[in-house]
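Residue numbers (UniProt numbering), protein chains in the order written: chain A, 1 to 230; chain B, 1 to 230; chain C, 1 to 230; chain D, 1 to 230. Glycine included, every Cβ here is placed at the ideal spot set by N, Cα and C. It should be emphasised that the depicted structure is a prediction, and the values quoted were computed from it without experimental measurement.
Protein chains: 4
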Amino acid sequence: MKPIRKPFFMVNPKSYLCGKNLLNLALAADAAAMGKDFDVFFTAPFVDITRIAENTQNLIVTAQHMESIKMGRGMGHIVPEMLVGAGARAVFLNHAENSLKLVDLVQTMERAKEVGLYTIVCADSIAEAKAIAVLNPDILLCEPTDLIGKATISPTSYIQQTIQQIKAINPDILVMQAAGIRTGEDVYHVIMEGAEGTGCTSGIVCADNPQAMLREMIDAVEKAGKAGGK
Amino acid sequence: MKPIRKPFFMVNPKSYLCGKNLLNLALAADAAAMGKDFDVFFTAPFVDITRIAENTQNLIVTAQHMESIKMGRGMGHIVPEMLVGAGARAVFLNHAENSLKLVDLVQTMERAKEVGLYTIVCADSIAEAKAIAVLNPDILLCEPTDLIGKATISPTSYIQQTIQQIKAINPDILVMQAAGIRTGEDVYHVIMEGAEGTGCTSGIVCADNPQAMLREMIDAVEKAGKAGGK
Amino acid sequence: MKPIRKPFFMVNPKSYLCGKNLLNLALAADAAAMGKDFDVFFTAPFVDITRIAENTQNLIVTAQHMESIKMGRGMGHIVPEMLVGAGARAVFLNHAENSLKLVDLVQTMERAKEVGLYTIVCADSIAEAKAIAVLNPDILLCEPTDLIGKATISPTSYIQQTIQQIKAINPDILVMQAAGIRTGEDVYHVIMEGAEGTGCTSGIVCADNPQAMLREMIDAVEKAGKAGGK
Amino acid sequence: MKPIRKPFFMVNPKSYLCGKNLLNLALAADAAAMGKDFDVFFTAPFVDITRIAENTQNLIVTAQHMESIKMGRGMGHIVPEMLVGAGARAVFLNHAENSLKLVDLVQTMERAKEVGLYTIVCADSIAEAKAIAVLNPDILLCEPTDLIGKATISPTSYIQQTIQQIKAINPDILVMQAAGIRTGEDVYHVIMEGAEGTGCTSGIVCADNPQAMLREMIDAVEKAGKAGGK
Chain A
1 MKPIRKPFFM
11 VNPKSYLCGK
21 NLLNLALAAD
31 AAAMGKDFDV
41 FFTAPFVDIT
51 RIAENTQNLI
61 VTAQHMESIK
71 MGRGMGHIVP
81 EMLVGAGARA
91 VFLNHAENSL
101 KLVDLVQTME
111 RAKEVGLYTI
121 VCADSIAEAK
131 AIAVLNPDIL
141 LCEPTDLIGK
151 ATISPTSYIQ
161 QTIQQIKAIN
171 PDILVMQAAG
181 IRTGEDVYHV
191 IMEGAEGTGC
201 TSGIVCADNP
211 QAMLREMIDA
221 VEKAGKAGGK
Chain B
1 MKPIRKPFFM
11 VNPKSYLCGK
21 NLLNLALAAD
31 AAAMGKDFDV
41 FFTAPFVDIT
51 RIAENTQNLI
61 VTAQHMESIK
71 MGRGMGHIVP
81 EMLVGAGARA
91 VFLNHAENSL
101 KLVDLVQTME
111 RAKEVGLYTI
121 VCADSIAEAK
131 AIAVLNPDIL
141 LCEPTDLIGK
151 ATISPTSYIQ
161 QTIQQIKAIN
171 PDILVMQAAG
181 IRTGEDVYHV
191 IMEGAEGTGC
201 TSGIVCADNP
211 QAMLREMIDA
221 VEKAGKAGGK
Chain C
1 MKPIRKPFFM
11 VNPKSYLCGK
21 NLLNLALAAD
31 AAAMGKDFDV
41 FFTAPFVDIT
51 RIAENTQNLI
61 VTAQHMESIK
71 MGRGMGHIVP
81 EMLVGAGARA
91 VFLNHAENSL
101 KLVDLVQTME
111 RAKEVGLYTI
121 VCADSIAEAK
131 AIAVLNPDIL
141 LCEPTDLIGK
151 ATISPTSYIQ
161 QTIQQIKAIN
171 PDILVMQAAG
181 IRTGEDVYHV
191 IMEGAEGTGC
201 TSGIVCADNP
211 QAMLREMIDA
221 VEKAGKAGGK
Chain D
1 MKPIRKPFFM
11 VNPKSYLCGK
21 NLLNLALAAD
31 AAAMGKDFDV
41 FFTAPFVDIT
51 RIAENTQNLI
61 VTAQHMESIK
71 MGRGMGHIVP
81 EMLVGAGARA
91 VFLNHAENSL
101 KLVDLVQTME
111 RAKEVGLYTI
121 VCADSIAEAK
131 AIAVLNPDIL
141 LCEPTDLIGK
151 ATISPTSYIQ
161 QTIQQIKAIN
171 PDILVMQAAG
181 IRTGEDVYHV
191 IMEGAEGTGC
201 TSGIVCADNP
211 QAMLREMIDA
221 VEKAGKAGGK
């Protein structure tokens, strides 16, 4: 798998949008990502992955969850090979709304490697992040549950402490910081503080103009990258 | 919602197939269902619902599971409105591989009604089937877990006892019998025994020629219907 | 099993108390229940069942949850035979904090019958209560989750509607009403409204004098019973 | 907390025994452990912890599972403070039959530290063991699920590889090996291979004379310890 190009950006509309509305946001992200020298991820509900993958070229289409099972009797389950077949190239795991048993996280990360999906693994605390770091995710998102959806970005000390402790265990992991990102300025700031990538949900989907906000944020990533951000 | 036309047939490929292979099976089902005076359901993994719904006209495209949550923060969850938007018209609930808490089953069935999805609800025993009957599913599938995938159809006594006990509680429910269906003959037999609908997974996907087997079964439904089966 | 004597009372300290404090409350309940012609249930955390059963004579000691498994490899699980061996004579099932899969509820209720435990089964809505009624619990507690711990008792209309709908399905079930019970007066009132039993958690454990409040409530049950309450 | 004295031994009857039979086994273990210079753990179902703790002096009475919640509304849940109050001094976590979400494992281990319980944490694979090692359990038991209850002990290479990889991450952790222990000879062998502790379930509870087998095993621990085993 190709290395992820830093500082990356994650558009994560969760389940706020689907169908045509989600496709339109994906098309705007695709246009904004064109020609950039960093990667833009775009997450989609399972039913929308195929259409978004077929209609975009510059995005790493990302599933919001998966399981470790294989093709077969699994009725209503999320099989890694299906996601890949639909066009996904990355997957979120252990998100606060889909937290995994450790034994399943281990197996699901192995399956992701097997089928060639980048893994973005979430942690609710630094202790959890350190345990996950041992398992070699591509991206580690350390975001305490009680900060999700809040309007303030993590304090600098928290950002740097997280990065330092994770890198001490496994320097290959990219550390993402996404709490409280509301504007392009937040994006710029958090990357300059050391985040190797960032992303956003409600700051985009609840903006007056989601597509404009998404462009503002992607432009801020570019600016931070040029200014020497990771 | 329109009444389901009996005796119905359920093509349930579970997670044995996806992508192009699944689409091809759906196209064959769609052709076989054309002009029939009974309903043919076709279940699909979440990632395949949109494409199958867009490319078929005579099938009730059916999701294999869903949750009761609403559009919003649900990351990696299955929101009813998304399924409808993708083209699903029915949903399986409480399948043995996705068995639900009773409180969630109640809420998810209410949500199905709200968004206009037919519900096919599974029971593992007659006791469970009777409890579910009180909740007014459209179709009730009573199939003991240890018979799933087995090569024998349920004994006549079991079929008739199930139907009688469920109808005594709620005569509006359609009772489906699907254990051990391997051939068109099995389909014909189970409908003549009183099943208001039947269906198949491994008998189709593991057949030498799945599309031919599917046609054989749908033809058998028609023949049974004409011969006076429910 | 002997019929439960109405109107029954349920002391349910949940996990607010344990060890010596819980034993003292149980001893007070035991004294208050002596000579009464109705049943008093007393729930206890698993670690406390043995000691409370050994030191009381007039209480139906009640486990707060159990599973359907049998003696054997179950590590850290709650086996019905263990509860009986420890002295429990009843068990709560499907409480809002331990809501069960329908398939497990069915099996666990069968196990309770097998080992001779009375079942108190909880429902979060009338729809759920009706489904449970089909499964023949001894006592059905219909208490919407959002009312638990609230300071108002259910409106009369709700109480009577619940009772009527449950009895229409299965007249043998005792219907318990426990939302918002804070004083002896509440106990008296809810029984006079038609509840066949009631009970209390926070009204007792958070009272200035829990033992006195418990006695007040048990006296109110007696008074209501004599006044013609169910 | 006092350091655990090596090589320790874990009597783990799971749910094979309860009540008087379990107490008798505990009394035999207590007698065998008297005067030894290594620690003997004895696990018990929740309902039996109090009685075993009250009647033994030389055992570390061990709960088979717990949760991270606090005293309060938890109905039917396992609160750490309750276990301590009942006399438990250690707790198993993440056993194959009670595998935990990573986020819960982190919080439950913190709670164990808070209340002063030793933690014995299970792993199903070396990858999982390494992630757990970062979280500082007192004892780490690495036992692939498919070996539990099997009649062969782990190969020497597996034992030494496990120990080495876990100690590389965290040398303070005691590494326990328990797969396939059937006799005193197995106990001696696995300790001489480098296990810092071992234990047994079915080898004891299914023995013709469980108490004699338990004594044989504890004697083997002593012999191995004197012979220079860890």
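Classification of residue i by the beta-carbon crowding that lies within 10 angstroms, buried from 16 upward
i: A:Gln107; result: buried
i: B:Glu54; result: exposed
i: B:Met34; result: exposed
i: B:Gln57; result: exposed
i: A:Cys206; result: exposed
i: A:Gly72; result: exposed
i: B:Arg5; result: exposed
i: A:Met1; result: exposed
i: D:Asn209; result: exposed
i: C:Ala227; result: exposed
i: A:Ser157; result: exposed
i: B:Ile119; result: The sequence shown places Thr at residue 119 of chain B, rather than the Ile named in the question. The residue in question, B:Thr119, is buried, as its Cβ has 16 or more Cβ neighbours within 10 Å.
i: B:Gln64; result: buried
i: A:Lys152; result: Looking at the sequence itself, residue 152 of chain A is Thr, so the reference to Lys does not match. A:Thr152 should be labelled exposed.
Limits of the unbroken beta strand (DSSP E) element including residue i
i: C:Ile139; result: Ile139 to Cys142
i: B:Ile175; result: Here residue 175 of chain B is Val; the residue named in the question, Ile, does not match the sequence. Where B:Val175 is concerned, the enclosing beta strand (DSSP E) stretches over Leu174 to Met176.
i: D:Val40; result: Val40 to Ala44
i: B:Val61; result: Leu59 to Ala63
Cutoff 8 angstroms: residue i Cβ touching any chain C Cβ
i: D:Met213; result: no
i: B:Thr112; result: The identity of residue 112 of chain B in the sequence shown is Ala, whereas the question assumes Thr. Chain C contact via Cβ: absent.
i: D:Gly74; result: yes
i: B:Ser68; result: no
i: residue 231 of chain D; result: As displayed, chain D neither begins before 1 nor continues past 230, which places residue 231 of chain D out of reach and without an answer.
Bridge partners - residue i, DSSP secondary structure assignment
i: A:Phe8; result: A:Gly197
i: C:Tyr118; result: C:Ala90
i: B:Ile52; result: According to DSSP, B:Ile52 bridges with nothing at all.
i: B:Gly72; result: A:Ser15
i: B:Lys101; result: C:Lys101
i: C:Ala123; result: C:Cys142
Rounded distance between the beta-carbons of residue j and residue i, thought under 8 angstroms
i: residue 248 of chain C; j: C:Ala96; result: Residue 248 of chain C lies beyond the stretch modelled for chain C, which goes from 1 to 230, so this question has no answer here.
i: C:Phe46; j: D:Phe46; result: 4 angstroms
i: B:Val176; j: B:Ala195; result: Looking at the sequence itself, residue 176 of chain B is Met, so the reference to Val does not match. Yes, they are in contact, since the Cβ atoms of B:Met176 and B:Ala195 sit about 7 angstroms apart, within 8 angstroms.
i: C:Val11; j: C:Ile204; result: 7 angstroms
i: A:Val187; j: A:Ala220; result: 4 angstroms
i: D:Ile166; j: D:Ala129; result: 6 angstroms
Neighbour flag for residue i against chain B, beta carbons, 8 angstroms
i: C:Glu81; result: no
i: C:Leu135; result: yes
i: A:Cys18; result: yes
i: A:Gly116; result: no
Endpoints, alpha helix (DSSP H) assigned at residue i
i: C:Glu214; result: Here the sequence assigns Leu to residue 214 of chain C, which means Glu is not the residue at that position. Residues Pro210 to Lys226.
i: C:Glu185; result: Gly184 to Met192
i: D:Glu67; result: No alpha helix (DSSP H) contains D:Glu67, which DSSP labels as neither H nor E.
i: D:Thr162; result: Thr156 to Ile169
i: A:Val205; result: Ser202 to Val205
i: A:Ala127; result: Ile126 to Ala133
Neighbour flag for residue i against chain A, beta carbons, 8 angstroms
i: D:Lys101; result: yes
i: D:Ser15; result: no
i: D:Ala131; result: yes
Interface flag, residue i vs chain D, CB-CB below 8 angstroms
i: C:Tyr158; result: no
i: C:Glu97; result: yes
i: A:Val175; result: no
i: C:Gln107; result: no
i: A:Glu128; result: yes
Distance cut-off 7 angstroms: residue i Cβ against heavy atoms of the ligand PLP
i: C:Ala88; result: Absent from the structure shown: the ligand PLP. Ligands present: none.
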